[in-house]
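A short write-up of the structure that comes next.
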Amino acid sequence: MTLEDEVLDLVKARMRLTGTLMDGLIRSYRDEIRQRILNYTRQPAVPEGLKFTWANMVIDLLKVREYRFPEVAALLGENPVDVNIGDTSVKLGASPSFTADAIVTGYAADLRRYRRMGWDG
Numbered sequence: 011m012t013l014e015d016e017v018l019d020l021v022k023a024r025m026r027l028t029g030t031l032m033d034g035l036i037r038s039y040r041d042e043i044r045q046r047i048l049n050y051t052r053q054p055a056v057p058e059g060l061k062f063t064w065a066n067m068v069i070d071l072l073k074v075r076e077y078r079f080p081e082v083a084a085l086l087g088e089n090p091v092d093v094n095i096g097d098t099s100v101k102l103g104a105s106p107s108f109t110a111d112a113i114v115t116g117y118a119a120d121l122r123r124y125r126r127m128g129w130d131g
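Numbering of the sequence shown is given in our numbering, commencing with residue 11 and proceeding in unit increments.
In structure tokens form, the structure reads like this:
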């Protein structure tokens, strides 16, 4: 089983999802977060040690962007307005780029352990 499949299964288990109804949506957010992790860490692939962090980041992105889905709303409780991601608070329905950036910032401490030196130029 690939790390991507493990993250998908972990997200579904933590959201208590059965079946494949939301698999496509979860995969798209998993892939978006993978790219952001790779950009931040400058690694060629997401390290195994970030599996749980990766899954948590996907769930956080789902909470912010897809809060109207009943499966996601069940994770948020009644009448949510803000979602806390690390030490950042994000309003539901915020712009897509802000929320993904806030998620990376919120998990920077976990991601920093795997960050490689890099130079732009």
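Yeah, the Cβ is synthetic: ideal placement off N, Cα and C, and Gly gets one too.
Would residue i be called buried (16 or more neighbouring beta carbons within 10 Å of its own) or exposed?
i      : result
Leu72  : buried
Asn66  : buried
Arg46  : buried
Thr109 : buried
Leu121 : buried
Arg75  : buried
Arg125 : exposed
Sorted by chain position, which residues of the same chain lie with C-beta nearer than 7 Å to residue i's C-beta, five sequence neighbours on each side aside?
i      : result
Leu27  : Glu81
Ala119 : none
Where does residue i sit, in a helix, a strand or coil, going by DSSP?
i      : result
Gly116 : helix
Val74  : helix
Thr63  : helix
Return the chain-ordered list of same chain residues with a C-beta closer than 8 Å to the C-beta of residue i, the five sequence neighbours on each side being excluded.
i      : result
Arg123 : Gly59
Ile43  : Trp64, Met67, Val68, Leu71, Ala110, Ile113
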